[in-house]
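One structure is given here, and the rest of the page talks about it.
Residue numbers (my numbering), protein chains in the order written: chain A, 1 to 349; chain B, 1001 to 1382.
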């Protein structure tokens, strides 16, 4: 099987969708980290966002089904986004309270948030599944359809170009716009500058009259909310309105955290970075069969498709390579905020 | 000191607490734990609408089922002790790394690799006599875990590569490696190896004094004692704590920081790998991607909360296992799914993490100048 145009298009579209999940997670985490809070709870808040949107839309869609009306697409989208953002932002609030107000260790708190978020989401996911009649019975088709609705005025008859560029739902483009907007916010606005000052040196920012605590709280909550939208996108768009407790969101969440370092804390880089991660993940679909056959026979696998597990290591290996290359290059402008991971106490010298 | 300006004192103010008595910190953590239990009970009540006392009773039965014990069945307690030993093993492995401020999030992967090579030995070397096979398995798992810890350490030492993400990514590589290996071992295309050597029990840890899991406890206890001594009374342990406090100080004192980082991570990974051996050889006798089951992450919290004192770690491990077993019991008694245990663990962890604040800081409410007030979870004035 040689790589055909259709294969390539499928690779690109899959990578873009995959990338959008981690792009949202990455942008949210950049906003959080710019305030000096290293939130390792990204997988947790993504889980929270995903499950909240699922619960909200499940309630709405099954309510409509009970009444015999068809669910309105725009309402589905609004419910999913609002629920997802709010739940994830609440997770961020919890994190900020423990790390900013109570000054607990950020890494450990983040990990606890991940454990909590994964547990909560899978627990309620299980409850909803039970309610709807068993594993695999949740199918929010109306919401998934609304999320996947293509933008009407984009040209659809340009062949491959349309398929690669214009075949997505609005949220894919919104994520890109968000990344650009966040870049502008961080570099061009007073509030963004204040935020960066807090992350670099909270004591200096405090002396300049910036309210450090409020700034950290706000950016962490909004950042977590944006990560949560990544979870919403995953549930409603990527897996089309279903629930699976396969730990996939967790892996994506960690990739998003890794992507933050990859981008050098610049949201614009997250756009191509996340798509690149997506390509790493999906490239196995374009792997020539001869290679797979060779690998399968060398390793003693009974099926050629089993080599997938080998290919699925790629994004993680790529991340490690990126980390290593990044650390060797050590560019001055691509460094983490100076006070990242440290809690701030005014009286401390 | 006289007040020149009459600026309004803030309503709540926070000050550092100089030293915290042991009694006080025990009290704070006890109250925190209680708060966590209360909140999780409320959550369960809201979901199930059950009497909280019933829920607690069910929770207790997860570890201490008095009815069964009266009939001479100690299974549940043994399971709890077995899991505590395993969690402690990993925690002990993580302690030196974290004391050095090396964020080894990769215990999960190190353990999986240890378990994987153990399982591979069980399958491929099942002709060897059992004691020899067990020794080979242990050695191989130690080597595999050490390798998984060595890679991030070497790059951290040489280039300052971010170890948190490096070790995390190594987890996922280990997961894929296990999935791949399972498909290689298993020729029936069932994506599972099942119980290895079910009939011959080759490579299974033998029972001791009629107890299946006594070896697990002995291994964990031995590791804990050795690590305590290693961290507290040896030159290596001292170097680890200096590097952890300040890399610059360590360098100034002539400590070879790179060497310490790599050496410590070799030890850390090796012990986590050994934990994988314990899981595969002495508990589950199988390998799958869920062999580590999130324990690598829980163990981080165990090590951190205990401030790397391995004896305190044993207590915290026991507590977390007790909670976990309790939550599983609740979920089976009341027909919920067992992810509730993860959720409850999360809630309790938040509370325990929050406790650190009340041992390190004082909360002062505006009343008269200088009078210390009552803070939440604070019994008396400091």
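From the three backbone atoms N, C-alpha and C, an ideal C-beta is built for every residue, glycine too.
Counted within 10 angstroms of its Cβ, other Cβ atoms place residue i as buried (16 or more) or exposed
i, result
"residue 1311 of chain B", "exposed"
"residue 228 of chain A", "buried"
"residue 1324 of chain B", "buried"
"residue 265 of chain A", "buried"
"residue 348 of chain A", "exposed"
"residue 1292 of chain B", "buried"
"residue 63 of chain A", "exposed"
"residue 30 of chain A", "buried"
"residue 12 of chain A", "buried"
"residue 1183 of chain B", "buried"
"residue 1071 of chain B", "exposed"
"residue 68 of chain A", "exposed"
"residue 1011 of chain B", "exposed"
"residue 109 of chain A", "buried"
"residue 320 of chain A", "buried"
"residue 1290 of chain B", "exposed"
"residue 159 of chain A", "exposed"
Same chain, Cβ closer than 8 Å to residue i, five either side skipped, listed in chain order
i, result
"residue 75 of chain A", "60"
"residue 301 of chain A", "295 and 307"
"residue 1304 of chain B", "1098"
Residue i - DSSP class collapsed to helix/strand/coil
i, result
"residue 1172 of chain B", "helix"
"residue 1365 of chain B", "strand"
"residue 1330 of chain B", "helix"
"residue 63 of chain A", "helix"
"residue 1237 of chain B", "helix"
"residue 970 of chain B", "Since the first residue shown for chain B is 1001 and the last is 1382, residue 970 of chain B is missing from the structure and cannot be characterised."
"residue 131 of chain A", "helix"
"residue 1059 of chain B", "helix"
"residue 1101 of chain B", "coil"
"residue 23 of chain A", "helix"
"residue 180 of chain A", "helix"
"residue 344 of chain A", "coil"
"residue 72 of chain A", "coil"
"residue 242 of chain A", "coil"
"residue 1253 of chain B", "coil"
"residue 1192 of chain B", "coil"
"residue 287 of chain A", "coil"
"residue 1263 of chain B", "helix"
"residue 1 of chain A", "At residue 1 of chain A, the pLDDT of 46 sits below 50, so the modelled position is not reliable and the matter cannot be decided from this model."
"residue 1325 of chain B", "helix"
"residue 337 of chain A", "coil"
"residue 37 of chain A", "coil"
"residue 1071 of chain B", "coil"
"residue 1018 of chain B", "coil"
"residue 1120 of chain B", "helix"
"residue 122 of chain A", "helix"
"residue 1287 of chain B", "coil"
"residue 1360 of chain B", "helix"
"residue 99 of chain A", "helix"
"residue 247 of chain A", "coil"
"residue 1375 of chain B", "Residue confidence for residue 1375 of chain B is low, a pLDDT of 43 falling below 50, so the modelled location carries little weight and cannot support an answer."
"residue 194 of chain A", "helix"
Per DSSP, cross-strand counterpart(s) of residue i
i, result
"residue 1012 of chain B", "B:1365"
"residue 1211 of chain B", "B:1208"
"residue 427 of chain A", "Since the first residue of chain A shown is 1 and the last is 349, residue 427 of chain A is not available in this structure."
Chain-ordered neighbours of residue i on chain E, where CB pairs are closer than 9 Å
i, result
"residue 1321 of chain B", "The chain inventory of the structure shown lacks chain E, comprising the protein chains A and B."
Cut-off 7 Å between Cβ atoms - residues of its own chain near residue i, not counting five sequence neighbours on either side
i, result
"residue 91 of chain A", "41, 44, 45, 48, 113, 117 and 224"
"residue 1080 of chain B", "1063, 1321, 1322 and 1325"
"residue 1223 of chain B", "1089, 1092 and 1271"
"residue 1361 of chain B", "1014, 1015, 1016 and 1017"
Close Cβ partners of residue i (< 6 Å) along its chain, the five nearest in sequence each way excluded
i, result
"residue 1351 of chain B", "1032, 1035 and 1036"
Heavy atom of the ligand PLP within 7 Å of residue i beta-carbon
i, result
"residue 1066 of chain B", "Absent from the structure shown: the ligand PLP. Ligands present: none."
Residues of the segment 1155-1167 of chain B whose Cβ lies closer than 8 Å to any Cβ of chain A, in chain order: Answer in chain order: 1155, 1159, 1160, 1161, 1162, 1164, 1165 and 1166.
Which residues of the segment 307-335 of chain A have a Cβ closer than 7 Å to any Cβ of chain B? Give them in chain order. Interface annotation for the segment 307-335 of chain A against chain B: 309, 310, 312, 313, 316, 317, 319, 320, 323, 324, 327 and 328, criterion Cβ-Cβ distance under 7 Å.
Chain B contacts from the segment 106-120 of chain A (Cβ-Cβ distance under 8 Å): From the segment 106-120 of chain A, only 107, 108, 109, 111, 112, 113, 114, 115, 116, 117, 118, 119 and 120 have a Cβ closer than 8 Å to chain B.
What are the residues of the segment 236-263 of chain A that lie near chain B, defined by any Cβ-Cβ distance shorter than 8 Å? Taking 8 Å as the Cβ-Cβ cut-off, the segment 236-263 of chain A approaches chain B at 245, 251, 254, 257, 258 and 261, given in chain order.
Looking at chain B, which residues of the segment 35-67 of chain A have a Cβ within less than 9 Å of any of its Cβ atoms? Taking a C-beta cut-off of 9 Å against chain B, the contacting residues of the segment 35-67 of chain A are 38, 40 and 44, listed in chain order.
What are the residues in the segment 1330-1364 of chain B lying within 8 Å of chain A by C-beta distance? So the close ones are 1336, 1337, 1339, 1340, 1341, 1342, 1343, 1344, 1345, 1346, 1347, 1349, 1350, 1353, 1354, 1356, 1357, 1360 and 1361.
Going along the segment 1166-1181 of chain B in order, which residues come within less than 7 Å of chain A, judged by CB to CB distance? Against chain A - using a Cβ distance shorter than 7 Å - the residues of the segment 1166-1181 of chain B are 1166, 1168, 1169, 1172, 1173, 1176, 1179 and 1180.
Looking at chain B, which residues of the segment 202-214 of chain A have a Cβ within less than 9 Å of any of its Cβ atoms? For the segment 202-214 of chain A, the set of positions with a beta-carbon nearer than 9 Å to some beta-carbon of chain B is empty.
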